[in-house]
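Right, one structure below, let's go through it.
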């Protein structure tokens, strides 16, 4: 017989204190709660939880400790039309679980209704044998002298990557560590990231997620992980050394090792929906614990879910206990797991109070006031699939944003579609039109050209249309098309001119990304030309199509060297990563930025709408308004950036002496090794430079230069 004490309502979840474990779960509408303990053979012991405080059911079990597997069974009304889907036949994961052992074994037992029948009727088959189990953990970890790098936003370079994909095929990572947290933190991967020059890894979801039923039926697997079921639990299958709590230690060790290498850890988090899907989805946790409170239901018919995410449900961030879960989760990952920031998937969903996106919603108020979460890096994906969900530029002051307008404008520019030179200049200079109005800085703009969701950079310049046939959905998923790149041939080709253009376009995009004001985000693998064979939606491709291939050609090695040089150029020169917007002020007889026609003359009003595809701009390193951390004036080199996005060669003239008398080539997308040749390429005032089609040239002023 188990000794059961009343316990306490907080903290929620299962907390071991060295002598026993306190269990606490929120459910406003449950009528009875059973805590279910499981041994290694699967034998289940059910314990009635009799104590309730403010809708939190709680008990304390002396002698129960780390490694104990458990779950809940909730008794209450089964009235889908009223939003209630209680079903004690279904074992439920703890919403606050910190480790999950096992996977969903898909079958009719995990659904709360008869599969193929009416979802308003309860199914009474027991799901315990088909369900993963919550695990009691020991949260102790010796962090030694772990210190978060705390890299300033303006010095940050983000590398978006996948825990499994980055190391799964790396020949120097030990085989048993490939695809794991330990693999990501292994010396070969860390050495690579350091040599590349990035300052932060942004990891695709590591919250524990579920393999989708429809994918399993097709013989596929969820690779990206945007299917969360445990907001405080690291995904178990990424652990090399065990899944009964060991995943916590391995994740923490990974963070500590990355911090020691000077790399921050940013998590891509999915609080907008869960893995339980729509009204015909499985009953795994929240749905069976208190459906009407955890999810947003349709007004007037709570049987159905409001879906702003395209996944079947939306978390009910209007409810205080759901907000508490999100905030507790965020604080946990900062305080206990030592992560450095978050990228919020479909963040507009979290801002919806009633229907419209509300910039001052309760969620943002809580973030602003929280002494822990407000101090880490916060990145919004500023859109969702609902009406009015596109909110680029409208998030609060603390936040940075994935700048979708930057992505679209820069893509259009280099494909030769004129978005307007004013639009191009705004994106290159930090998007002040989007972020300056509420006091934000250029680093509010997370600049990117490619991300996990879409083509890789190599595929972006190689395919006009998606090729997602491997997803087994008749090529219907993902972005519909890529428009024309004027590269002549789609996909694989031996045409040297086409291959040269594609290589140059990759370098153009990379150079533009690292020369733009704001925070650059590099999609992992773009630096060496990673391909997914035209698949722009590899969410279900947990295989070599999506995993990084580390066996490089000479061309890939050259692209990697080019990318490294760009990142290190940016890190050496503050003028390429300003902390304030350009305001056109004059210093030393010149503006901080000057936009010019190819002939070297300053752009006039009529030029901005002329529809030309060639632009030159000057970055004045002598006009840096922000002092360094010691209060000293920052003086940097000045740069000229020449861009030709047209299909013709364009002659550029080096402008007058007031900009500088002599220049050296720092970056040349048409001849990427030119800056490394002995003596370098030198230019002086009045020289003419012919830029071939689709090319970029960066000149560094060498007279009166600050030096490297």
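In this note's numbering, the protein residues as written are 1213 to 1920. Beta carbons: idealized from backbone N, C-alpha and C, even for Gly. None of the values given here were measured: they were computed from a predicted structure.
One or two residues paired with residue 1828 in a DSSP bridge: 1808 and 1854
Endpoints, the beta strand (DSSP E) within which residue 1865 is located: 1862 to 1865
Run of the beta strand (DSSP E) containing residue 1373, from where it starts to where it stops: 1370 to 1373
Whole-angstrom distance between residue 1215 and residue 1591, CA atom to CA atom: 46 Å
Straight-line gap, residue 1566 to residue 1366 (C-alpha atoms, nearest Å): Unreliable placement is indicated for residue 1566, whose pLDDT of 49 sits below 50; the coordinate value is still reported in the next sentence. So the two alpha carbons sit approximately 35 Å from each other.
Environment of residue 1352 [buried if 16+ CB atoms lie within 10 Å]: exposed
Span of the beta strand (DSSP E), counted from its first residue to its last, around residue 1284: 1281 to 1287
Alpha carbon of residue 1703 to alpha carbon of residue 1682, nearest angstrom: 16 Å
Element boundaries [alpha helix (DSSP H), containing residue 1425]: 1425 to 1430
Whole-Å CB distance - residue 1639 paired with residue 1658, under 8 Å assumed: Not confirmed; about 12 Å, so no contact.
Residue span of the alpha helix (DSSP H) that contains residue 1402, given as start and end: 1399 to 1408
Distance, residue 1715 Cα to residue 1708 Cα: 10 Å
Distance between beta carbons of residue 1526 and residue 1561, contact taken as under 8 Å: 6 Å
Sheet register partners of residue 1274 (DSSP bridge): 1232
Helix, strand or coil at residue 1257 [DSSP, three-state]: strand
Proximal residues to residue 1690 (C-beta, below 6 Å), its chain only, five neighbours per side dropped: 1678, 1680, 1748 and 1749
Span of the alpha helix (DSSP H) around residue 1621: 1616 to 1627
Within 7 Å, strictly: CB atoms of residue 1730 and residue 1642: yes
Option in 1426, 1507, 1278 and 1817 with minimal Cα separation from residue 1939: Only positions 1213 to 1920 of the chain appear in this structure, which leaves residue 1939 out of reach.
Three CB pairs or more closer than 8 Å across the segment 1495 to 1515 and the segment 1545 to 1559: no
Reduced DSSP secondary structure (H/G/I, E/B, other) of residue 1262: coil
Backbone secondary structure at residue 1836 - three-state DSSP: coil
Rounded C-alpha distance that separates residue 1879 from residue 1598: 42 Å
Cutoff 7 Å; reference residue 1467; Cβ partners in own chain excluding five residues on either side: 1477, 1549, 1550 and 1551
Beta-carbon proximity check, residue 1232 vs residue 1273, cutoff 7 Å: yes
For residue 1318, the residue or residues it bridges with in DSSP: In the DSSP output, where bridge partners are listed per residue, residue 1318 has none listed.
Residue 1850 and residue 1913 closer than 7 Å at C-beta: yes
Beta-bridge pairing of residue 1895 - partner residues as DSSP gives them: 1875
Element boundaries [beta strand (DSSP E), containing residue 1747]: Here residue 1747 belongs to no beta strand (DSSP E), and DSSP marks it neither H nor E.
Buried/exposed call for residue 1519, threshold 16 Cβ in 10 Å: buried
Other residues of its chain near residue 1461: CB distance less than 8 Å, five sequence neighbours each side excluded: 1353 and 1453
Near the ligand HEM: residue 1642 beta-carbon under 6 Å from a heavy atom: The model depicted lacks the ligand HEM and carries no ligand whatsoever.
Cβ contact check for the segment 1651 to 1666 and the segment 1366 to 1378: 3 or more pairs under 8 Å: yes
Assigned secondary structure, residue 1735 (DSSP; H/G/I helix, E/B strand, else coil): strand
Nearest residue (CA-CA) to residue 1382, options 1361, 1362, 1363 and 1404: 1404
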